[in-house]
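What follows is one structure encoded as structure tokens, with my remarks underneath.
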Amino acid sequence: ENGLRKGDIITDVAQKPVNTVKEVAELVSSAKSEGRQSVLLLVRREGQPRFIVLKFN
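Start counting at 1 in the sequence shown, then tack on 93, and there's your number in our numbering.
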């Protein structure tokens, strides 16, 4: 399934490791301000790593 789901743990944003919600928000905000239309997330879902593209509207 595509997209984030309840229980997903975000471990990387734009290939940068994150440990807090604040770090996720800062990297997403930075990507938006750079004019990007999306950012690549690495999440852990049910113990398995998975890449997800987060698109900005």
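Even for Gly, the Cβ is constructed at its ideal location relative to N, Cα and C.
Treat the numbers as computed from the prediction; the structure is a model and nothing was measured.
Beta-carbon separation (whole angstroms), V132 vs T104, contact threshold 8 Å: The sequence position of residue 132 within the sequence shown is 39, counting from 1. The sequence position of residue 104 within the sequence shown is 11, counting from 1. Incorrect: roughly 14 Å between the Cβ atoms, too far for contact.
I102 versus V114 - alpha carbon distance: The residue you call residue 102 lines up with position 9 of the sequence shown. The residue you call residue 114 lines up with position 21 of the sequence shown. Spanning the two alpha carbons is a distance of roughly 10 Å.
Boundaries of the beta strand (DSSP E) in which K148 is found, first to last residue: Here residue 148 is taken as the residue at index 55 of the sequence shown, counted from 1. Per DSSP, K148 belongs to the beta strand (DSSP E) from 141-148.
Three-way DSSP call (helix, strand, coil) for K109 in this model: The residue labelled residue 109 in the question sits at position 16 within the sequence shown. Correct three-state label for K109: strand.
Backbone secondary structure at L120 - three-state DSSP: Walking along the sequence shown from the start, residue 120 turns up at place 27. Helix at L120.
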